[in-house]
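Participant: Take a look at the following structure, please.
Protein chains: 2
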Amino acid sequence: MAAAADRDTKRPARMSVWLDGKAASRGRRAGGDQPSGLDRERITSATVRLLDAEGLAKFSMRRLAAELDVTAMSLYWYVDSKDDLLELASDAVAGELVLPDPDADPDADWRDQLRDLTQGYRALLVRHPWLSPLVGHFLNIGPNWVALSLCVQRLIRRTGLPPERQAGGIAAVFQFVYGFGTIEGHFRKRCAEAGLTQDEYFAHAMGAVGGRAELAPVMDAAREMVEARSGETVDDMRDHDFTSAVDLLIAGIEARTVR
Amino acid sequence: MAAAADRDTKRPARMSVWLDGKAASRGRRAGGDQPSGLDRERITSATVRLLDAEGLAKFSMRRLAAELDVTAMSLYWYVDSKDDLLELASDAVAGELVLPDPDADPDADWRDQLRDLTQGYRALLVRHPWLSPLVGHFLNIGPNWVALSLCVQRLIRRTGLPPERQAGGIAAVFQFVYGFGTIEGHFRKRCAEAGLTQDEYFAHAMGAVGGRAELAPVMDAAREMVEARSGETVDDMRDHDFTSAVDLLIAGIEARTVR
DNA sequence: ACCTGAACACCGTTCAAGT
DNA sequence: ACCTGAACACCGTTCAAGT
Chain Z
84 MAAAADRDTK RPARMSVWLD GKAASRGRRA GGDQPSGLDR ERITSATVRL
134 LDAEGLAKFS MRRLAAELDV TAMSLYWYVD SKDDLLELAS DAVAGELVLP
184 DPDADPDADW RDQLRDLTQG YRALLVRHPW LSPLVGHFLN IGPNWVALSL
234 CVQRLIRRTG LPPERQAGGI AAVFQFVYGF GTIEGHFRKR CAEAGLTQDE
284 YFAHAMGAVG GRAELAPVMD AAREMVEARS GETVDDMRDH DFTSAVDLLI
334 AGIEARTVR
Chain H
84 MAAAADRDTK RPARMSVWLD GKAASRGRRA GGDQPSGLDR ERITSATVRL
134 LDAEGLAKFS MRRLAAELDV TAMSLYWYVD SKDDLLELAS DAVAGELVLP
184 DPDADPDADW RDQLRDLTQG YRALLVRHPW LSPLVGHFLN IGPNWVALSL
234 CVQRLIRRTG LPPERQAGGI AAVFQFVYGF GTIEGHFRKR CAEAGLTQDE
284 YFAHAMGAVG GRAELAPVMD AAREMVEARS GETVDDMRDH DFTSAVDLLI
334 AGIEARTVR
């Protein structure tokens, strides 16, 4: 099979641009006088721009090259593969997150810092819907992701959660935000593509779903929940849910803290 | 722009196979005597088999058709698009989840039911790593996803969480499991592809990371956490984290419950 | 009712060749 | 050092034609 075929020729599977990638400095020679003015930074930011505008599905090396007025193959001078480029884009936008310094102000409440950081991470995932699948696919060890990890670790230490519970706490909080931001970002994207507001899309989906008898129980349950929550619009309901979920997580942390 | 180009020709954006899709009954006529023995069920299960074996990236209509000894175009008799097929595959594996009936035994502890259901969902995402991106992309309103939603809603009602907090509770729990299962499934897949055990891969990554000075602080923090947790292996640590995160969520629910 | 072949407009990547 | 053209081995999907 495949395993037998590359028995001897197997190269040691790629892990990350940050570990096995091409040197980052290509195209940044003394004068910066490349024929085309290309370098890794310019390529990365064009990638982010294109991903924001057209999404991950439509992004291609050829499309990006056209945007930069160059052939697709020139990109391979700066980057080993499309995957490496996406990993660079992922780290680039991770840098947009404003990180608190949890140890700077010893009087600051960790609850407020946690609320801010989760909101920021959520907004990041929503602003760049293409980010979420990439976060799922790479090791996230670029400088900006590392900075975020460190910040999260220091923040969680300030909660008073005992050491053996800290990793679980980080998982509960940040995997939740990841899941929430993923779904939210994707829904917004679908609405935009359909040329509908979120409320229009929601109404449309509810109408379509209402036509199918099997789905009636979900409708009822959904209606009950809509009524139980405060807001009128999809945005209101979602904000309500996010806030209340984070509040629940904070309550959980407090309950498991030894004081 | 694009909006102007299809001003009049714009068709009402597709929402789901379950709403706008082709009739499911194609190829299931009286005798079941198609030339090729194809029908939607056979196509869907072949899709799942192929996705499990080779992953989402390698899956293609042409590859699937070859597997079924047919040309790629015959598939379009049964299904409108690749996306529809993936939505069918997503619902098919959602059916693997064993759902408790939360209202059957009034003495059963909701905590145990929640622990079982989250473990089951986590295992599902890990067993089928291709599932997670699909869950992020579709509306998940196939029969099996709907059954899961209903089950979750009934379960959360039994916790005693007040109605206006229930949606937040569901989000906190199930988006967490989604995020956790996504990362875990992907890591296992990478290890398998590299031909390494999880522990070997972990050691290899740590070694590579250790070579880079900027990453030293993460290493230290990671080491501390590893030491604080009980297990020796990657699997042990992950199980520990998952259990402790779910425990934290349960504590949060209890803390926000009016008794 | 079901299946096919040819075609269209794409992909990522390699490789030898140019400047 | 940097960029290109041609080529390879793919994609999803449409459409007219076959049985």
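Chains Z and H are the protein sequences, given in the same order.
Following our numbering, the numbering of the first sequence begins with 84 at its first residue and continues without gaps.
Following our numbering, the numbering of the second sequence begins with 84 at its first residue and continues without gaps.
Idealized CB from N, CA, C, for every residue including glycine.
The structure presented is a predicted model; accordingly, all values stated were derived computationally and were not measured.
Using the Cα positions of H/S313 and Z/P118, report the straight-line distance between them to the nearest angstrom.
Facilitator: By one-based count along the second sequence, residue 313 of chain H stands at place 230. By one-based count along the first sequence, residue 118 of chain Z stands at place 35. Going from the Cα of H/S313 to the Cα of Z/P118 covers about 57 Å.
Participant: Report the residue from H/R97, H/V176, H/V256 and H/T265 whose alpha carbon sits nearest the alpha carbon of H/A129.
Facilitator: Translated into positions along the second sequence, residue 129 of chain H becomes position 46. The shortest C-alpha separation from H/A129 is found at H/V176.
Participant: Less than 8 Å between the beta carbons of Z/F221 and Z/S99, yes or no?
Facilitator: Locating residue 221 of chain Z in the first sequence gives position 138, counting from the first residue. Locating residue 99 of chain Z in the first sequence gives position 16, counting from the first residue. Going by C-beta atoms, Z/F221 is nearer than 8 Å to Z/S99.
Participant: At 4 residues or longer, and completely inside the region 276 to 315 of chain Z: list those alpha helix (DSSP H) runs for me, N to C.
Facilitator: For the alpha helix (DSSP H) assignment, the uninterrupted runs of no fewer than 4 residues enclosed by the region 276 to 315 of chain Z are, from N- to C-terminal side, 281 to 293 and 299 to 311.
Participant: Considering only residues of the same chain and omitting the five flanking positions on each side of Z/Y161, which have a CB-CB separation below 8 Å?
Facilitator: Here residue 161 of chain Z refers to the residue found at position 78 of the first sequence. Closer than 8 Å at Cβ, skipping near neighbours: K105, R109, G110, L121, D122, R123 and I126.
Participant: Answer with buried or exposed for Z/E310, where buried requires no fewer than 16 other C-beta atoms within 10 angstroms of its C-beta.
Facilitator: The residue you call residue 310 of chain Z lines up with position 227 of the first sequence. Note on Z/E310: under 16 other CB atoms within 10 angstroms of its CB, so exposed under the neighbour-count rule.
Participant: Pull up the distance between the alpha-carbon of Z/P183 and that of H/D166, whole angstroms please.
Facilitator: Along the first sequence, read from residue 1 onward, the residue named residue 183 of chain Z stands at position 100. Along the second sequence, read from residue 1 onward, the residue named residue 166 of chain H stands at position 83. Spanning the two alpha carbons is a distance of roughly 41 Å.
Participant: For chain Z, is any of its Cβ atoms less than 8 Å away from the one on H/V317?
Facilitator: Walking along the second sequence from the start, residue 317 of chain H turns up at place 234. Contact with chain Z is absent for H/V317, since none of that chain's Cβ atoms lies less than 8 Å from the residue's Cβ.
Participant: If I measure Cβ to Cβ from H/D248 and keep anything under 8 Å in the same chain, skipping five residues before and after, which residues do I get?
Facilitator: Within the second sequence, the letter at position 165 stands for residue 248 of chain H. First, the residue type needs correcting, since residue 248 of chain H is Arg and not Asp in the sequence shown. Cβ neighbours of H/R248 beyond the five flanking positions: R339.
Participant: If you draw a straight line from the C-alpha of H/M144 to the C-alpha of H/M156, how long is it?
Facilitator: Stepping through the second sequence from its first residue, residue 144 of chain H is reached at position 61. Stepping through the second sequence from its first residue, residue 156 of chain H is reached at position 73. So the two alpha carbons sit approximately 8 Å from each other.
Participant: Report yes or no: do the region 316 to 329 of chain H and the region 250 to 269 of chain Z share at least 3 C-beta pairs separated by less than 8 Å?
Facilitator: yes
Participant: For the pair the region 223 to 233 of chain H and the region 266 to 284 of chain H, tell me if three or more CB-CB distances fall below 8 Å.
Facilitator: no
Participant: Just the chain Z side, please: which residues come within less than 9 Å of H/E150 by C-beta, in chain order?
Facilitator: Taking the first residue of the second sequence as 1, we reach residue 150 of chain H at position 67. Per Cβ cutoff of 9 Å: no residues; H/E150 is ~16 Å from chain Z at best.
Participant: DSSP three-state call for H/W193: helix, strand or coil?
Facilitator: Locating residue 193 of chain H in the second sequence gives position 110, counting from the first residue. Of the three classes helix, strand and coil, the one that applies to H/W193 here is helix, per DSSP.
Participant: My parser needs the alpha helix (DSSP H) runs of 4 or more residues fully inside the region 198 to 256 of chain Z; what are they?
Facilitator: Unbroken alpha helix (DSSP H) runs of no fewer than 4 residues, entirely contained in the region 198 to 256 of chain Z, are found at 214 to 220 and 226 to 240, following chain order.
Participant: Once you ignore the five residues that flank Z/F285 on each side, which residues in its own chain have a CB closer than 7 Å to its CB?
Facilitator: Residue numbering aside, residue 285 of chain Z sits at position 202 when the first sequence is read from its first letter. The answer, listed in chain order, is V317.
Participant: Using 8 Å as the threshold, is the C-beta distance between H/Y204 and H/V260 below it?
Facilitator: To locate residue 204 of chain H, count along the second sequence from 1; it is residue 121. To locate residue 260 of chain H, count along the second sequence from 1; it is residue 177. Cβ atoms of H/Y204 and H/V260: closer than 8 Å.
Participant: So Z/A172 and Z/L208 are supposed to be a Cβ contact under 8 Å. How far apart are they, rounded?
Facilitator: The residue labelled residue 172 of chain Z in the question sits at position 89 within the first sequence. The residue labelled residue 208 of chain Z in the question sits at position 125 within the first sequence. 14 Å between Cβ atoms; not a contact.
Participant: Residues of chain H with CB under 7 Å from Z/T265, in chain order?
Facilitator: On the first sequence, position 182 is the one that residue 265 of chain Z refers to. G219, listed in chain order.
Participant: Alpha carbon to alpha carbon, how far is H/G335 from Z/L332? Give it in angstroms, no decimals.
Facilitator: On the first sequence, residue 332 of chain Z is found 249 positions in, with the first residue counted as 1. On the second sequence, residue 335 of chain H is found 252 positions in, with the first residue counted as 1. Rounded to the nearest angstrom, the two C-alpha atoms are 6 Å apart.
Participant: Any residues in the region 203 to 219 of chain H with a beta carbon nearer than 8 Å to a beta carbon of chain Z? Which ones, in chain order?
Facilitator: S215, P216 and G219
Participant: Give me the Cα-Cα distance between Z/H211 and Z/P189, rounded to the nearest whole angstrom.
Facilitator: Walking along the first sequence from the start, residue 211 of chain Z turns up at place 128. Walking along the first sequence from the start, residue 189 of chain Z turns up at place 106. In this structure, the straight-line span from the alpha carbon of Z/H211 to that of Z/P189 is close to 33 Å.
Participant: Output, in sequence order along the chain, the residues in the region 247 to 273 of chain Z whose CB is closer than 7 Å to any CB in chain H.
Facilitator: E247, R248, Q249, A250, G251, G252, A254, A255, Q258, F259, Y261, G262, F263, T265, I266 and H269
Participant: Using a Cβ cut-off of 7 Å, pull out every chain H residue sitting near Z/I336, in sequence order please.
Facilitator: Translated into the one-based positions of the first sequence, residue 336 of chain Z becomes position 253. Chain H residues near Z/I336: L331.
Participant: I'd like to check one pair, Z/I266 with H/G262: are the Cβ atoms closer than 8 Å?
Facilitator: On the second sequence, residue 262 of chain H is found 179 positions in, with the first residue counted as 1. On the first sequence, residue 266 of chain Z is found 183 positions in, with the first residue counted as 1. No, these two residues do not count as a Cβ contact at 8 Å.
Participant: Helix, strand or coil for H/S157, going by three-state DSSP, please let me know.
Facilitator: For this step, residue 157 of chain H is matched to residue 74 along the second sequence. The answer is helix: DSSP assigns H/S157 an H, G or I state.
Participant: What does Z/R312 reach in chain H if we use C-beta pairs closer than 8 Å?
Facilitator: Locating residue 312 of chain Z in the first sequence gives position 229, counting from the first residue. Close to Z/R312, with beta-carbon spacing below 8 Å, are these residues of chain H in chain order: E247 and A250.
Participant: Between Z/D103, Z/M308 and Z/L244, which has its C-alpha nearest Z/D163's C-alpha?
Facilitator: Within the first sequence, residue 163 of chain Z is the residue found at index 80, counting from 1. It is Z/D103.
Participant: Exposed or buried, Z/V229, counting other C-beta atoms within 10 Å across all chains shown (16 or more means buried)?
Facilitator: As a position in the first sequence, residue 229 of chain Z is number 146, starting the count at 1. Classification of Z/V229: buried, given that the 10 Å Cβ count is 16 or more.
Participant: Look at the alpha carbon of Z/A140 and the alpha carbon of Z/G293, and state the distance between them as a whole number of angstroms.
Facilitator: Against the first sequence, residue 140 of chain Z aligns to sequence position 57. Against the first sequence, residue 293 of chain Z aligns to sequence position 210. Distance between the alpha carbons of Z/A140 and Z/G293 is about 31 Å.
Participant: If we cut at 8 Å on Cβ distances, does H/S50 have a partner in chain Z?
Facilitator: The question about residue 50 of chain H has no answer, for chain H in this structure spans 84 to 342.
Participant: In whole angstroms, what is the alpha-carbon distance linking Z/A88 and Z/W193?
Facilitator: Residue mapping note: residue 88 of chain Z aligns to position 5 of the first sequence, counting from 1. Residue mapping note: residue 193 of chain Z aligns to position 110 of the first sequence, counting from 1. For Z/A88, the predicted structure reports a pLDDT of 36, less than 50, and the residue's modelled location is therefore unreliable. A value from the coordinates is still provided. Looking at the two C-alpha atoms, the distance is approximately 54 Å.
Participant: Looking only at its chain, what residues have a beta carbon closer than 6 Å to the beta carbon of H/C234, apart from the 5 residues adjacent to it on each side?
Facilitator: Translated into positions along the second sequence, residue 234 of chain H becomes position 151. These residues qualify, in order along the chain: L182.
Participant: By the 10 Å Cβ neighbour count, where 16 or more other Cβ atoms means buried, how is H/R306 classified, buried or exposed?
Facilitator: In the second sequence, the residue the question calls residue 306 of chain H occupies position 223. Its Cβ having fewer than 16 others within 10 Å, H/R306 is exposed.
Participant: Would Z/M289 and H/A250 qualify as a contact pair, given that the criterion is a beta-carbon distance under 8 Å?
Facilitator: Here residue 289 of chain Z refers to the residue found at position 206 of the first sequence. Here residue 250 of chain H refers to the residue found at position 167 of the second sequence. Against a cut-off of 8 Å, the Cβ pair of H/A250 and Z/M289 comes out as no contact.
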